[in-house]
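Here my numbering = 1-based position in the sequence shown + 84. Read the structure below first, then the notes.
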Amino acid sequence: MINEKNKALGIHPSVIRNLYEYANKRKKEIGEDKVFDYSLGNPSSKTPKEVNDILISLINDEENVHSYTSSNGLEETRIAVKEYLEKTYHTTLNADYIFITSGAAPALSIAANALTIRDNHDEAIVFAPHFPDYRVFCENAGASLVTVQPDPKTFLPDFNDFEKKINEHTKFVIYNSPLNPTGVVYKEDTILRLTSILKKKELEYNHPIYLISDEPYRELIYDDIKYPFITNYYDNSIVCYSFSKCLSLPGERIGYLVVNPKCYDAASLFYAIRGAAWSLGYICAPSLFQRMIPLTLGLTSDLNYYRINRDLLYQNLIKIGYDVIYPDGAFYIFVKALEPDAIQFSETAKKFELILVPSDSFDYPGYVRLAYCVKKEVIEASIKAFKQLFDYYKDK
Ligand code: PLP
Numbered sequence: 085m086i087n088e089k090n091k092a093l094g095i096h097p098s099v100i101r102n103l104y105e106y107a108n109k110r111k112k113e114i115g116e117d118k119v120f121d122y123s124l125g126n127p128s129s130k131t132p133k134e135v136n137d138i139l140i141s142l143i144n145d146e147e148n149v150h151s152y153t154s155s156n157g158l159e160e161t162r163i164a165v166k167e168y169l170e171k172t173y174h175t176t177l178n179a180d181y182i183f184i185t186s187g188a189a190p191a192l193s194i195a196a197n198a199l200t201i202r203d204n205h206d207e208a209i210v211f212a213p214h215f216p217d218y219r220v221f222c223e224n225a226g227a228s229l230v231t232v233q234p235d236p237k238t239f240l241p242d243f244n245d246f247e248k249k250i251n252e253h254t255k256f257v258i259y260n261s262p263l264n265p266t267g268v269v270y271k272e273d274t275i276l277r278l279t280s281i282l283k284k285k286e287l288e289y290n291h292p293i294y295l296i297s298d299e300p301y302r303e304l305i306y307d308d309i310k311y312p313f314i315t316n317y318y319d320n321s322i323v324c325y326s327f328s329k330c331l332s333l334p335g336e337r338i339g340y341l342v343v344n345p346k347c348y349d350a351a352s353l354f355y356a357i358r359g360a361a362w363s364l365g366y367i368c369a370p371s372l373f374q375r376m377i378p379l380t381l382g383l384t385s386d387l388n389y390y391r392i393n394r395d396l397l398y399q400n401l402i403k404i405g406y407d408v409i410y411p412d413g414a415f416y417i418f419v420k421a422l423e424p425d426a427i428q429f430s431e432t433a434k435k436f437e438l439i440l441v442p443s444d445s446f447d448y449p450g451y452v453r454l455a456y457c458v459k460k461e462v463i464e465a466s467i468k469a470f471k472q473l474f475d476y477y478k479d480k
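Structure below.
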């Protein structure tokens with residue numbers, strides 16, 4: 085016998101990956117420039133030249149760049165991350181409570197496993213529409229996933245629903261801002277509301293309810309919004325970060341996890357983080373990229389590239405007549421499907437060579453997600469297809 089749950093996960097790869105594979109197949113059939121692939125959040129803004137130069141000089145000039153590091157990550161890297169975050173967000177951290185990870189996905193999985201007690205009816209709350217992997221990570225750790233509905237006008241959390249969903253089994257809450265799949269950013273008033281509910285519920289149930297901030301898109305904010313860094317608002321908080329998107333390095337697998345030193349019994353929590361990382365096989369993140377971090381903190385790829393794409397796509401979709409959520413950040417745009425069944429709508433869009441992800445993948449019906457981290461030329465060429473798709477439904 086084998087693990088049937090994992091077998092099922094392996095048999096049904098994510099809808100996003102399936103669409104990406106379909107787009108690649110279709111490009112081979114009819115030509116690269118004829119397919120408008122909005123499926124995958126694979127950054128196309130170039131990795132900054134400084135980053136590549138630093139990597140090359142590390143390889144050429146330094147010794148042992150490919151060696152194992154300590155499980156938590158190099159001390160100088162953890163100290164650099166602490167100092168950078170403290171300076172940027174006016175917060176207080178502790179390098180001993182920072183764990184360097186192979187991206188945000190392992191950080192999330194480590195956190196879920198560190199917090200969840202198996203067979204204890206632990207629950208994890210997420211806000212729909214949400215990154216699909218939260219379900220995989222939380223359920224694999226042994227927690228049940230509880231989904232909070234959004235306010236359908238703003239796509240911010242429905243706080244009445246949030247309050248109702250918290251109970252004595254709630255172990256942790258995950259939020260993501262800027263948000264995949266809507267591009268919505270949680271401003272300070274949203275964070276204050278969210279954390280005040282959690283503080284009240286912690287008192288009511290007399291145990292910590294941890295708040296995990298998943299922030300791989302933290303720097304990808306295009307309007308004038310101050311990013312509310314969670315350690316300044318809520319003691320029992322954990323940050324999961326990644327360099328995948330801001331430096332266009334998703335294949336290199338590098339990020340970090342920060343435990344707020346003000347967390348209840350932070351030392352024990354950090355031991356649980358280390359233990360979870362060990363048991364999952366996630367210790368010692370890529371050594372070369374750990375060494376890159378202190379030399380590149382604060383750098384980003386060209387964010388204007390995404391801002392231009394956002395404006396181009398948003399304005400054209402609105403002009404055609406689509407109902408679109410205005411995205412302040414990340415590189416996703418959420419568009420109302422032109423029929424109630426978003427899966428069917430995504431199928432119909434394929435007739436016009438538009439590859440759009442149905443929102444059912446994000447635990448929410450009726451929309452499609454477009455990843456606009458593509459070349460501007462792809463967006464320009466796709467506008468005609470969006471118009472044809474719109475007219476197709478109008479004439480139906
Ligand atoms: N969280 C969100 C919301 C994401 O969109 C992604 C990747 O797309 C991740 C986490 C995982 O990022 P990483 O590449 O760092 O594992």
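Even for Gly, the Cβ is constructed at its ideal location relative to N, Cα and C.
Mind reading off the beta-carbon distance from V342 to I322? Whole number of angstroms is fine, and I expect it under 8 Å.
-> 7 Å
Could you check the C-alpha separation between A107 and D121 for me, to the nearest Å?
-> 6 Å
In whole angstroms, what separates the C-alpha of P216 from that of D447?
-> 8 Å
How long is the line joining the alpha carbons of P190 and Y104, rounded to whole angstroms?
-> 22 Å
Under the rule that 16 or more other beta-carbon atoms within 10 Å means buried, what is G157, buried or exposed?
-> buried
Please confirm if the segment 126 to 146 is in contact with the segment 327 to 334, defined as three or more CB-CB distances below 8 Å between the two stretches.
-> yes
Proximity test, N90 beta-carbon vs the ligand PLP heavy atom, cut-off 7 Å = no
From the DSSP output, in three-state form, read off P236 for me.
-> coil
When every heavy atom of the ligand PLP is checked, does at least one fall within less than 7 Å of the C-beta of A189?
-> yes
Can you tell which of D137, I281 and S363 has its C-alpha closest to the C-alpha of S65?
-> As shown, the chain starts at 85 and ends at 480. That puts residue 65 outside it, with no answer to give.
Could you tell me which uninterrupted alpha helix (DSSP H) segments, each at least 4 residues in length, are contained entirely in the segment 286 to 372, listed from first to last along the chain?
-> 350 to 364
Euclidean distance between Cα positions of L169 and K111 = 42 Å
Is the closest heavy atom of the ligand PLP to the C-beta of N393 under 7 Å?
-> no
Out of curiosity, what's the CA-to-CA distance linking I377 and D425?
-> 44 Å
Who are the Cβ neighbours of R162 in its own chain at under 6 Å, not counting the five residues just before and after it?
-> A179 and I182
Segments of 3+ residues assigned as beta strand (DSSP E) that fall wholly inside the segment 173 to 230 | 182 to 185 and 207 to 211
Assign Y366 to buried or exposed, taking buried as 16 or more other Cβ atoms, counted over all protein chains shown, within 10 Å of its Cβ.
-> buried
Nearest to E431 by alpha carbon, out of V452, P300 and L139?
-> V452
Determine the closest residue to K346 out of I201, S98 and L295, with distance taken between C-alpha atoms.
-> L295
Below 8 Å on the Cβ atoms is my guess for P262 versus D412; work out the distance and round it to an integer in Å.
-> 7 Å
In the structure shown, what three-state DSSP assignment does I250 receive?
-> coil
Can you grab the Cα-Cα spacing for the pair V165 / Y477, in whole Å?
-> 50 Å
Counterpart residues of N260 in DSSP-defined beta bridges | D298
Is it buried or exposed for Q374, if we count other Cβ within 10 angstroms and need 16 for buried?
-> buried
Where N144 and L379 are concerned, what is the direct C-alpha to C-alpha distance, given to the nearest angstrom?
-> 16 Å
Contact set for V408: own chain, Cβ-Cβ below 8 Å, skip 5 residues either direction | Y398, L401, I402, I417, F418, V419 and K420
Can you find a heavy atom of the ligand PLP that lies under 7 Å from the Cβ of F215?
-> yes
Would you mind stating whether A208 and K283 have Cβ atoms separated by less than 8 Å?
-> no
To the nearest angstrom, how far is it from the Cα of C222 to the Cα of I258?
-> 10 Å
If you measure from the CB of P300, is any heavy atom of the ligand PLP nearer than 7 Å?
-> yes
So the beta strand (DSSP E) L454 belongs to, where does it begin and stop?
-> Y451 to A455
For E303, which residues from the same chain have a beta carbon less than 6 Å from its beta carbon, with the 5 sequence-adjacent residues on both sides left out?
-> C330 and T384
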